[in-house]
Amino acid sequence: MIQTLHKLWRNHGGLHLDYHKEDSNAAPVRHLPMAEELIIPLQQHSGYKPTLTVKAGDYVYKGQEIASHTGFMKVPLHASTSGTITAIEERPIAHPSGLSDLCVILKPDGKDDWGNARMPTYPDPNQVDGEILRQRICAAGIVGMGGAVFPAAIKLNVHDNIPIEALVINGAECEPYITCDDRLMREKPLEILRGVQIMMHIIATQRCLIGIEDNKPEAIAAMQAAREELGDQRIAIIPIPTLYPSGSEKQLIKILTGKEVPSGGRPSTIGIVCHNPATARAIYRAVVLGEPLIDRYLTITGKGVAQPCNVEVPLGTPIQHLIAHSGGYTPAAKRLAMGGPMMGISLHSDQIPVVKATNCILVSDIPENEQQPALPCIRCGRCAEACPANLLPQQLYWHSRARDFDKAEQYHLFDCIECGCCAYVCPSHIRLVDYYRFAKAEIRTQRDAKTKANIARERHDFHQERLERAKREKAEKLAKHKEQAQATTDDGKKAAIQAALERAKAKKAEAAAQATTGETTE
Amino acid sequence: MIFSKRTSPYVSGKQDVSSIMRQVLYALIPGTAVLIWYFGWGILSNLVLAIVLAELLEWGMLKLRQRPVRPFLSDYSAVVTAWLLAVAMPAFSPWWLIAIAMIFAIVIAKHLYGGLGYNPFNPAMIGYAAVLVSYPVQMTIWPAPVDFSFVHIGLGQTLQHVFAGSIQGWDALSAATPLDAVKISLSLHKPLSEIYATGQFGLLAGQAWEWVSLAWLLGGLWLLWQRIIGWQIPVALLGTLALIASVFWLIDSQAYASPLFHLFSGAAMLGAFFIATDPVSASTTPTGKLFYAAGIGLFTYIIRTWGGYPDAIAFSVIIMNMAVPLLDYYTQPRVYGTKQGLQG
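Top to bottom, those sequences are chains A and B.
Residues in the first sequence are numbered from 190 upward in steps of one, following the numbering used here.
Residues in the second sequence are numbered from 504 upward in steps of one, following the numbering used here.
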């Protein structure tokens, strides 16, 4: 089973946490009965909103496109099952501020009928041009399913001038409680690896490194067995030490390759493309089976649910439905989060639906020490010890708090991955990450305002210049006119004088002539 | 169902400020016990007096500054300051000496700079330095170490001395500390071998003091093991002190005390594990901590050998406290994905 040893690199910092993986990873994934209604938010990826192509009252088949993509950073959206669209309206979505957004409300008809919505299949993707496959991946609505929901096709669009050295598959799943990738790797390893092969074909790389934390021995074994079955020597399954946050893209790349993604850069600039196993499987299904992304594996766990488990559910399923089928809430249920305890977002209601980014629904209690007020920073430096990016969280905190954003940026604020390690270890219970989020948001707002102000100033300058030019042109025209007029009047005067002189001469001559004739006539 | 909202992370580590301070207090117990063993009730009276005063002053300052009292009084930081001062002061210190030291520590060095977390200088060392420069006589005379000395000087007599002033017949019991004795003798050009022969010295350094130092070391190692402190400060401080002492000792072993003497006399161990490691006033970056502690070791040797005071931990710590902002600025680690750390 053990393959050639792969050298691993060590990251700075990191934490050993209480993982609670055993709460939910034992049983196979469950399929729940269809919910009464599916709530499908229009925007489920990072980028721009797709354009709605259906209206209330329409009947849709499973997999039918309900919002289309035209343009950059957009991916389409598909109906998760067959049924009637009852409404298109604002509903609360999974957002840290509890915002609402436009959602398609779908009432399933229970038939789960694909109709003819399935896309054409490519049974042998290796014979298909990479660009066509990329278009398919986009058309299937596939985004990064690890939580960042970046459009997968864009990540697979690599520059010709930087050859891709390796595809990295992020099977680390380092957040406590979450086990859906673990279950997926145990249950669908072949689909994941087939998806991996498709991606390798698209980005033209001969190497794939699949990093899995060593607290998932079953997943490692299943993936290795599947690799043997495929016999693909280009793919390596690499167990990595369990240490939070090894599943952060940048950290995993360092562990597996020893390379660091440059500050502000993307992995592709150092010849790496990184994807999640669930994304790989979705790509396989889109390309080989013609199925768009309409469901996903996710974990329902925490002290607040009676039967923690993993499920595969259609996108749009309300959380309430998931909880009801996991034995309901326990008395400990005090907090609801989407994602893990370190980086998840807090939700205020269970009416919020599952989206492409939902890897975990965590219902937890409120630990005792959270009720204590934060004490001042005692500069103990535990945050800096724990920081996987090797930042100085305490300095970032001081400068963010003092709104000295320039200083915060100098201390590499934007290299913070918001993993929460610093806040976790802080003995004064300071909500460190909140300060960084605040500072980042402020800086972005200021930048936007600055850009807007610059545009406005440019416009104003241009307007001003145009006015001046118009004025100048008018003045020039006037001057020209005047000159012309002057010239004409000057000539006219001369002519008039001349004419007058001539007239006078003529008059004189006439008078003289008259006098002679008069004398004669009288 | 409506859920409580908060931003991630939703879990936190087990250590908090009060638990860290409590661990420091536990680690101070062995050294304090040995001190009491050799120097009697006087140490205990220092300790009780200092802690009571510290909490009273802390409470008063929090009230004056209109800060919440309960979370700050229960963080044990004032108790740690008091404890460090109490074991640094000579046994049987009169109450007013302790009171002056505590006022300097808690009121001036801590609260006037903004309270917990904001003090640029180590409060205990400011308190110590203030009384050291003001009352050098009282501060350098320690009772001679006697096993079971509290058999000889009872609790009642101790209290009488502490609150009512000196009583007859006590001068015979007092003696200069080993560091002071060596310094004075060396200034009289006595060779070290002759000084060591006076019987005031044990195997490693000053009699009694070497055991006290070993007990501080034990507590310090426990703090390291519990990951309450990092290795950088103790290793750099003791390493630098030992290194410089070795160099001079190898040049002239009769005129310069041995590295062991420097490590196990006076407050080197206490300073390395308990005082210089004060997180608030020490450097915060790993490299900065090395420079910070090495600086303390260097200044300690310089002041002990050529300066006007027998021990030098307090002044060295205060001097290096001043260098912390600079050290922190120039020793930033290299951030992931960048070429190098911020360098100006």
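Positions of the beta carbon are idealized from the N, C-alpha and C atoms, including for glycine.
Asked: Pair within 7 Å by beta-carbon distance, GLY659/B and LEU531/B; Found: no
Asked: Listed by chain order, chain B residues near LEU511/A by CB distance under 9 Å; Found: Per Cβ cutoff of 9 Å: no residues; LEU511/A is ~13 Å from chain B at best.
Asked: Same chain, Cβ closer than 8 Å to ILE353/A, neighbours up to 5 away in sequence not counted; Found: VAL347, ILE392, ALA393, THR394, SER457, GLY460, ILE461, VAL462
Asked: 7 Å Cβ cutoff, PRO574/B in contact with chain A; Found: yes
Asked: Within chain E, the residues that GLY798/B reaches when beta carbons sit closer than 9 Å; Found: Although the question refers to chain E, the structure presented lacks it and instead comprises the protein chains A and B.
Asked: DSSP bridge partner residues for THR240/A (one or two, in chain order); Found: SER257/A
Asked: Cross-strand partners of MET823/B (DSSP beta bridge); Found: Bridge partners of MET823/B: none, in fact.
Asked: Coil, strand or helix - CYS327/A by DSSP; Found: helix
Asked: Distance CB(TRP714/B)-CB(VAL537/B) smaller than 7 Å; Found: yes
Asked: The alpha helix (DSSP H) enclosing LEU773/A, as first and last residue numbers; Found: The structure shown does not extend to residue 773/A, since chain A is modelled only from 190 through 711, so no value can be given for it.
Asked: Interface residues of chain A facing THR464/B [CB-CB closer than 8 Å]; Found: This structure gives no information on residue 464/B, because the portion of chain B shown stretches from 504 to 847.
Asked: Environment of GLY847/B [buried if 16+ CB atoms lie within 10 Å]; Found: Low per-residue confidence applies at GLY847/B: pLDDT is 39, beneath 50, and the placement is therefore not dependable enough to give any value.
Asked: First through last residue of the beta strand (DSSP E) which encompasses THR488/A; Found: 484-490
Asked: Sequence-distant residues of the same chain with beta carbon closer than 7 Å to HIS692/B, five excluded per side; Found: none
Asked: Residue-level contact to chain A via CB, SER652/B, 7 Å cutoff; Found: Any reading at SER652/B is ruled out, since the residue's pLDDT is 47, under 50, leaving its predicted position unreliable.
Asked: Amino acids of chain B, ordered along the chain, whose beta-carbon sits closer than 7 Å to that of ILE367/A; Found: Chain B residues near ILE367/A: none, gap ~13 Å exceeds 7 Å.
Asked: Alpha carbon of GLN835/B to alpha carbon of ILE629/B, nearest angstrom; Found: 28 Å
Asked: Any 3 or more C-beta pairs closer than 8 Å across the segment 497-510 of chain A and the segment 212-227 of chain A; Found: yes
Asked: CB-CB length for VAL665/B against PRO597/B, believed under 8 Å; Found: 6 Å
Asked: Test: MET532/A CB closer than 7 Å to a CB of chain B; Found: yes
Asked: Alpha-carbon spacing of TYR513/B relative to GLU559/A, whole angstroms; Found: 9 Å
Asked: Own chain partners of LYS697/A with C-beta closer than 6 Å, once the 5 adjacent residues on each side are dropped; Found: none
Asked: Reference GLU331/A; option with closest CA among PRO365/A, SER257/A, GLN673/A, GLY299/A; Found: At residue 331/A the sequence reads Ile, which differs from the Glu that was named. Out of PRO365/A, SER257/A, GLN673/A, GLY299/A, SER257/A has the C-alpha closest to the C-alpha of ILE331/A.
Asked: Span of the alpha helix (DSSP H) around THR743/B; Found: 735-754
Asked: LYS613/B burial status per 10 Å Cβ neighbour count (16 or more: buried); Found: buried
Asked: Within-7 Å CB hit, ARG524/A to chain B; Found: yes
Asked: Cα-Cα separation, ILE426/A to ASN548/A; Found: 22 Å
Asked: Closer than 7 Å at the beta carbon, the chain B residues around PRO616/A; Found: GLN518, ASP519, VAL520, ILE523
Asked: Closest by C-alpha distance to PHE624/B, when choosing among LEU746/B, SER511/B, ALA745/B, VAL783/B; Found: VAL783/B
Asked: Nearest-angstrom Cβ-Cβ length linking THR240/A and ALA355/A, presumed shorter than 8 Å; Found: No, THR240/A and ALA355/A are not in contact; Cβ-Cβ is about 36 Å, not under 8 Å.
Asked: Closer than 7 Å at the beta carbon, the chain A residues around ARG837/B; Found: ASN579
Asked: CB of SER213/A within 7 Å of CB of THR488/A, strictly; Found: yes
Asked: Continuous beta strand (DSSP E) stretch holding MET527/A: start and end; Found: 524-527
Asked: Backbone CA spacing between ALA329/A and THR506/A [nearest angstrom]; Found: 19 Å
Asked: Every unbroken alpha helix (DSSP H) within the segment 549-616 of chain A, with a cutoff of 4 residues, ordered by chain; Found: 571-575, 582-590, 594-599, 610-614
Asked: Beta-carbon proximity list for GLN735/B, same chain, < 7 Å, skipping 5 on both sides; Found: PRO789, LYS792, LEU793, ALA796
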